[in-house]
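> Taken in order, these protein sequences are the chains called P and H. Here my numbering is used: the first residue of the first sequence is 341, the next is one more, and so on. Here my numbering is used: the first residue of the second sequence is 227, the next is one more, and so on.
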Amino acid sequence: MKNFLEINNVTKKYEDYTALNNVSLHIPKGSVFGLLGPNGAGKTSLIRIINQITMPDAGAVFLDGEKLAPKHIEQIGYLPEERGLYKSMKVGEQALYLAQLKGLSKTEAKKRLKYWFDKFDIGAWWNKKIEELSKGMAQKVQFIVTVMHNPKLLIFDEPFSGFDPINAQLIAKEILQLREEGATIIFSTHRMESVEEMCDDIALIDKSNKILDGNLDAIKRKFRTHTFQVGLHTTNPKEVETALKNNFEVYAPDFKLLNNGLALNVKLTKENSANDLLSFLTSRGEVQHFVELIPSANDIFIEAVNKNS
Amino acid sequence: MSKLKLIIQREFIAKVRNKSFIIMTFLSPLILIGMGALIYFLMQKNDEKVKEIVFVDNSGLFSKNDFEDTKTVHYLDYTDEGIAATKKKVEAGNYYGALIIPKQDSLELLAKGIEFYSKDSPGMSVMNSIENKIEKKLRNEKLNTFGIDIAKINASRISSNIKMYNFSGEESSKLINGLKIGLGAIAGYLLMMFVIIYGSSVMRSVIEEKTSRIIEVIVSSVKPFQLMLGKIIGNASAGLLQFLIWGIILFTIITIASSIFGVDVVEMQTTNIPTEQMEMAKEMTSGDKGQQVIQEILRLPILKLFVLFIFYFLGGFMLYSSLFAAVGAAVDNETDTQQFMLPIMLPLVLGVYVGFATVINDPHGSIAVLFSHIPLTSPIVMLMRVPFGVSWVELAISMLLLVITFLFMVWLAAKIYRVGILMYGKKASYKDLYKWLKYKG
Numbered sequence: 341m342k343n344f345l346e347i348n349n350v351t352k353k354y355e356d357y358t359a360l361n362n363v364s365l366h367i368p369k370g371s372v373f374g375l376l377g378p379n380g381a382g383k384t385s386l387i388r389i390i391n392q393i394t395m396p397d398a399g400a401v402f403l404d405g406e407k408l409a410p411k412h413i414e415q416i417g418y419l420p421e422e423r424g425l426y427k428s429m430k431v432g433e434q435a436l437y438l439a440q441l442k443g444l445s446k447t448e449a450k451k452r453l454k455y456w457f458d459k460f461d462i463g464a465w466w467n468k469k470i471e472e473l474s475k476g477m478a479q480k481v482q483f484i485v486t487v488m489h490n491p492k493l494l495i496f497d498e499p500f501s502g503f504d505p506i507n508a509q510l511i512a513k514e515i516l517q518l519r520e521e522g523a524t525i526i527f528s529t530h531r532m533e534s535v536e537e538m539c540d541d542i543a544l545i546d547k548s549n550k551i552l553d554g555n556l557d558a559i560k561r562k563f564r565t566h567t568f569q570v571g572l573h574t575t576n577p578k579e580v581e582t583a584l585k586n587n588f589e590v591y592a593p594d595f596k597l598l599n600n601g602l603a604l605n606v607k608l609t610k611e612n613s614a615n616d617l618l619s620f621l622t623s624r625g626e627v628q629h630f631v632e633l634i635p636s637a638n639d640i641f642i643e644a645v646n647k648n649s
Numbered sequence: 227m228s229k230l231k232l233i234i235q236r237e238f239i240a241k242v243r244n245k246s247f248i249i250m251t252f253l254s255p256l257i258l259i260g261m262g263a264l265i266y267f268l269m270q271k272n273d274e275k276v277k278e279i280v281f282v283d284n285s286g287l288f289s290k291n292d293f294e295d296t297k298t299v300h301y302l303d304y305t306d307e308g309i310a311a312t313k314k315k316v317e318a319g320n321y322y323g324a325l326i327i328p329k330q331d332s333l334e335l336l337a338k339g340i341e342f343y344s345k346d347s348p349g350m351s352v353m354n355s356i357e358n359k360i361e362k363k364l365r366n367e368k369l370n371t372f373g374i375d376i377a378k379i380n381a382s383r384i385s386s387n388i389k390m391y392n393f394s395g396e397e398s399s400k401l402i403n404g405l406k407i408g409l410g411a412i413a414g415y416l417l418m419m420f421v422i423i424y425g426s427s428v429m430r431s432v433i434e435e436k437t438s439r440i441i442e443v444i445v446s447s448v449k450p451f452q453l454m455l456g457k458i459i460g461n462a463s464a465g466l467l468q469f470l471i472w473g474i475i476l477f478t479i480i481t482i483a484s485s486i487f488g489v490d491v492v493e494m495q496t497t498n499i500p501t502e503q504m505e506m507a508k509e510m511t512s513g514d515k516g517q518q519v520i521q522e523i524l525r526l527p528i529l530k531l532f533v534l535f536i537f538y539f540l541g542g543f544m545l546y547s548s549l550f551a552a553v554g555a556a557v558d559n560e561t562d563t564q565q566f567m568l569p570i571m572l573p574l575v576l577g578v579y580v581g582f583a584t585v586i587n588d589p590h591g592s593i594a595v596l597f598s599h600i601p602l603t604s605p606i607v608m609l610m611r612v613p614f615g616v617s618w619v620e621l622a623i624s625m626l627l628l629v630i631t632f633l634f635m636v637w638l639a640a641k642i643y644r645v646g647i648l649m650y651g652k653k654a655s656y657k658d659l660y661k662w663l664k665y666k667g
């Protein structure tokens, strides 16, 4: 798949502080790309460079094969983590203004806004001032403002903050819909469950350096520990546990079985496979539970960051 | 540059729709006129109360004829009552004050021996008037002792009125000089007020964008420089609109007032002038005076003044408001702006002071000329000088310097602005600002 956004060896320094150190990222077209990292890692610096708010000291950014230039502003939609709209300006006027700044004509902007306002059923807000809206309502307006010029690249920084679960779901659906329509999406968040839910690829930035990137599934495979949750109904659990310990690494269970039985976390060794474990279990009793422990994005995040420090 | 146009439009509309703008535009001329009327009314009222002053003359030189009653001060001869009784009456609050003229051997001693008793401190103008009356009487007495005919002295009084011309053939007079000073001072002062009011409005608008965090959305669409420039131009346009509205209101009021009162508007002013000056004023009839004021105003280079006012307003405003924008970008809230405001306000205030101190005495003196060329003070000082006639060469140099400086300042301020608007939660120091100037990209 072709990369829509290529970030090649970007470095950004502020005085003696390095915000980004030789960072390269390749973001496939039509994917949801999770940009992860602890606070102060350099994510915002990178996002600002992509938005051309600041320029890199070294390295280059290519959008759709072209070197990033002012004309690309119209192809990017950016929802910053720190949300903001003019408080005393009316919703409609404000949205029109921001759309026109993104290069839409007034009539085109009106048409698009009508579509989105109808979709979110917020047409009645058109003449209200932002300060009259609740935080969640203002967030919806901000989301519309971000996407209404049909950008090919969307950057969402913590898009779900400030939304209740229902509206968060609605926004998540819209984001995935935008991907279906061909947009490439950069998704920066600390909420790992939404990373699992939405991201195809991720990159992890820590202390100004990229420490991990690639396809989320591939990364998970790389981080898997070959550990299984095992639940077995057997007449003599003690004996089975001892036998297991001879062939595998056995740990205390991190789950509960519904009915009484032997519950354990079992890690495969180099010599045996999942099938070996399964046939061992079936020969000793009735298997109730057999699940591989797949590392969550959360686990990967913590492990990678800890390893880096 | 359609984006710049959009920003200017938004800033202009945001400013003009603001309630305080509407109130200031339409209410302040009314407030100004109302206040003028109130002061005039109070002055009338204040003087309307007749002050009664009693005098006890033990010298035998004075009579009631020497103390002529005026509209507001009446004199009563209480010589017969005696000093003690008179003092008591005044103390009881019956009269404004008691003038005690003792008996002395010589006029010189008498002049120094006169006393005035009153319950409250007497007004300056009343005392001056009494002193004048006494001096006049004593001078006449002295002249009498020299054997000089007072009637001849009075007949010999000639007043001279020097007519002043400059070499471009304009006739000038004290009146027109006064008008020039007034006009220049108003223009300079108005400019300072506008720079402060609209400059801080630019600053507030920058702070608002910072605190509401919309700045990040905006700068992902336009360059910070465009946003800053749009803000400055938008606010300047709102300022010009306000001038225009004020001009129209003023013109309308003057037209209406003069059609209702006719020349009376001017006449009313002259009747209020103290008696000494009245003598001078009497030389021309009040109608003539009114006409003369209008004629003199018409002879001033109104158009030139207007065009230059607009130019210096725009130039000065651009220069200062770019600084205001940089300050707004450097702070997180308005209370933090103080430390950066002093260096901005200083040249503005200096301009007004230098203007009032030097231009009025000598419009073409070296200090006035110098400060009308220094770009930070030139808008104010030059505007004060313009009514007195400034050569085009000087104007051109001053204007050129202003334009160059304002371009430089906008560039400098934009560098601080660009970095500052994205710095949250941090109060910048001057050292930080210097660092920001060196950031690239």
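Yeah, the Cβ is synthetic: ideal placement off N, Cα and C, and Gly gets one too.
Just to make sure I have the definition right: I need the residues of chain P whose C-beta is within less than 7 Å of the C-beta of Leu232/H. Which are they?
For the purposes of this step, residue 232/H is taken as the residue at position 6 of the second sequence. The contacting residues are Tyr437, Gln440, Leu441.
> In angstroms, rounded to a whole number, what distance separates the CA positions of Phe563/P and Phe373/P?
Here residue 563/P is taken as the residue at index 223 of the first sequence, counted from 1. Here residue 373/P is taken as the residue at index 33 of the first sequence, counted from 1. Going from the Cα of Phe563/P to the Cα of Phe373/P covers about 19 Å.
> What residues in the stretch 401 to 428 of chain P have a beta carbon less than 9 Å from any beta carbon of chain H?
If the cut-off is 9 Å between Cβ atoms, the stretch 401 to 428 of chain P has Pro410, Ile413, Glu414, Ile416, Gly417, Tyr418, Leu419, Pro420, Glu421, Glu422, Arg423, Gly424, Leu425, Tyr426, Lys427, Ser428 near chain H.
> I'd like to know whether the C-beta of Ile393/P is nearer than 7 Å to at least one C-beta of chain H.
Reading the first sequence from its first residue, position 53 is the one you call residue 393/P. Answer yes: the Cβ-Cβ gap between Ile393/P and chain H drops below 7 Å somewhere.
> Could you check what DSSP says for Phe344/P in three-state terms: helix, strand or coil?
Here residue 344/P is taken as the residue at index 4 of the first sequence, counted from 1. When DSSP states are grouped into helix, strand and coil, Phe344/P belongs to the strand group.
> Compare the C-alpha of Lys290/H against each of Ile356/H, Met429/H, Phe477/H, Ile248/H and name the closest.
For the purposes of this step, residue 290/H is taken as residue 64 along the second sequence, with counting starting at 1. Here the closest residue by C-alpha is Ile356/H.
> Comparing the C-beta of Arg430/H with each C-beta of chain P, is any distance below 7 Å?
Counted from its first residue, the second sequence places residue 430/H at position 204. So, not an interface residue.
> Under three-state DSSP, which class holds Ala449/P?
One-based indexing of the first sequence puts residue 449/P at position 109. Helix.
> What residue range is occupied by the uninterrupted alpha helix (DSSP H) comprising Gly671/H?
This structure does not reach residue 671/H, given that chain H is present from 227 up to 667, and the question cannot be answered.
> Could you pull out every unbroken beta strand (DSSP E) segment of at least 3 residues lying fully inside the stretch 504 to 558 of chain P, listed in chain order?
524 to 528, 541 to 546, 549 to 555
> Are Leu386/P and Leu360/P touching if we call contact CB-CB under 7 Å?
On the first sequence, residue 386/P is found 46 positions in, with the first residue counted as 1. On the first sequence, residue 360/P is found 20 positions in, with the first residue counted as 1. Yes, Cβ-Cβ distance for Leu386/P and Leu360/P is below 7 Å.
> Taking Val448/H as the query, report the chain P residues whose CB atoms sit under 7 Å from its CB, ordered along the chain.
The residue you call residue 448/H lines up with position 222 of the second sequence. Those are Leu441, listed as they occur along chain P.
> Nearest CA to the CA of Met538/P: which residue from Asn549/P, Asp546/P, Ile526/P, Lys547/P?
The residue labelled residue 538/P in the question sits at position 198 within the first sequence. Met538/P has its Cα closest to that of Ile526/P, out of Asn549/P, Asp546/P, Ile526/P, Lys547/P.
> So Leu345/P packs on Leu493/P, CB below 8 Å; how close in whole Å?
Within the first sequence, numbered from 1, the residue matching residue 345/P stands at position 5. Within the first sequence, numbered from 1, the residue matching residue 493/P stands at position 153. That belief holds up - the Cβ atoms of Leu345/P and Leu493/P are roughly 6 Å apart, short of 8 Å.
> For Leu574/H, which option in Ile475/H, Lys345/H, Phe634/H, Leu416/H has the closest C-alpha, if you only look at C-alpha atoms?
Within the second sequence, the letter at position 348 stands for residue 574/H. Nearest C-alpha to Leu574/H: Leu416/H.
> Measure from the alpha carbon of His599/H to the alpha carbon of each residue in Val629/H, Ser431/H, Glu341/H, Ala654/H, then state which is nearest.
For the purposes of this step, residue 599/H is taken as residue 373 along the second sequence, with counting starting at 1. For the residues Val629/H, Ser431/H, Glu341/H, Ala654/H, the minimum Cα distance to His599/H belongs to Val629/H.
> For the stretch 574 to 588 of chain P against the stretch 627 to 647 of chain P, do three or more pairs of beta-carbon atoms, one drawn from each stretch, fall closer than 8 Å, so that the two count as touching?
no
> In chain order, what residues of the same chain have a beta carbon less than 6 Å from the beta carbon of Asp283/H, not counting five sequence neighbours either side?
In the second sequence, counting from the first residue as 1, residue 283/H sits at position 57. So the qualifying residues of the chain are Thr305, Ile327.
> Given a threshold of 16 other Cβ atoms within 10 Å of its Cβ, counted over all protein chains shown, does Pro410/P qualify as buried or as exposed?
By 1-based counting over the first sequence, the position of residue 410/P is 70. Exposed, since its Cβ has fewer than 16 Cβ neighbours within 10 Å.
> May I ask you to list the residues that DSSP assigns as paired with Leu602/P?
Taking the first residue of the first sequence as position 1, residue 602/P is located at position 262. Its beta-bridge partners are Leu572/P.
> Are the C-beta atoms of Leu493/P and some chain H residue less than 7 Å apart?
The count along the first sequence starts at 1 and reaches residue 493/P at position 153. Chain H contact via Cβ: absent.
> State the CB to CB distance for the pair Phe543/H and Tyr643/H, rounded to an integer number of angstroms; the pair is presumed to be in contact (CB under 8 Å).
Along the second sequence, one-based indexing puts residue 543/H at 317. Along the second sequence, one-based indexing puts residue 643/H at 417. Between the beta-carbon of Phe543/H and that of Tyr643/H there is about 17 Å, and that puts the pair past the 8 Å contact cut.
> Find the nearest neighbour of Lys641/H within the set Gly260/H, Gln452/H, Gly373/H, Glu307/H, judged by alpha-carbon distance.
Residue mapping note: residue 641/H aligns to position 415 of the second sequence, counting from 1. That would be Gln452/H, whose Cα lies nearest to the Cα of Lys641/H.
> I'd like to confirm the pairing. Which residues does DSSP put opposite Pro368/P in its beta bridges?
Locating residue 368/P in the first sequence gives position 28, where the first residue counts as 1. Partner residues in the beta bridge of Pro368/P, as assigned by DSSP, are Asn343/P.
> With DSSP run on the structure shown, which of helix, strand or coil describes Asp461/P?
Locating residue 461/P in the first sequence gives position 121, where the first residue counts as 1. Coil at Asp461/P, not helix or strand.
> Just to confirm the assignment, what range does the alpha helix (DSSP H) spanning Tyr656/H have?
The residue given as residue 656/H occupies position 430 in the second sequence. Start and end: 656 to 664.
> So Glu355/P contacts chain H; which residues on that side make the cut at Cβ distance below 7 Å?
Numbered from 1 along the first sequence, position 15 holds the residue referred to as residue 355/P. Going along chain H in sequence order, the residues near Glu355/P (Cβ under 7 Å) are Lys661.
> Using beta-carbon positions only, say whether Glu367/H and Leu325/H come within less than 7 Å of one another.
Here residue 367/H refers to the residue found at position 141 when the second sequence is read from its first residue. Here residue 325/H refers to the residue found at position 99 when the second sequence is read from its first residue. Cβ distance not < 7 Å, so Glu367/H and Leu325/H don't count as in contact.
> Can you give the Cα-Cα distance for Tyr656/H and Lys450/P, rounded to whole angstroms?
By 1-based counting over the second sequence, the position of residue 656/H is 430. By 1-based counting over the first sequence, the position of residue 450/P is 110. So the two alpha carbons sit approximately 45 Å from each other.
> If the cut-off is 8 Å on Cβ atoms, which residues from the stretch 560 to 579 of chain H count as contacting chain P, listed in chain order?
Residues passing the 8 Å Cβ filter: none.
> With Asp497/P and Glu421/P assumed to form a contact (beta carbons below 8 Å), what rounded beta-carbon distance in angstroms separates them?
Position 157 of the first sequence holds residue 497/P. Position 81 of the first sequence holds residue 421/P. A Cβ-Cβ separation of about 4 Å places Asp497/P in contact with Glu421/P under the 8 Å criterion.
> Determine the DSSP secondary structure at Ile388/H, reduced to helix, strand or coil.
Residue 388/H sits at position 162 when you count from the first residue of the second sequence. Here DSSP, grouped into helix, strand and coil, assigns Ile388/H to coil.
> Just to confirm, is the Cβ distance from Ile647/H to Lys457/H under 7 Å?
Position 421 of the second sequence, counting from 1, holds the residue named residue 647/H. Position 231 of the second sequence, counting from 1, holds the residue named residue 457/H. No.
> Bridge partners of Gly323/H, per DSSP?
Start at 1 with the first residue of the second sequence, and residue 323/H comes out as number 97. Partner(s): Ile279/H.
> Apart from the five residues on each side of it in sequence, which residues of its chain come closer than 8 Å, Cβ to Cβ, to Ile374/H?
Taking the first residue of the second sequence as 1, we reach residue 374/H at position 148. So the list is empty, once near-sequence residues are dropped.
> Going by the beta-carbon positions, is the gap between Ala654/H and Ala551/H smaller than 7 Å?
Within the second sequence, residue 654/H is the residue found at index 428, counting from 1. Within the second sequence, residue 551/H is the residue found at index 325, counting from 1. No, they are not a contact pair.
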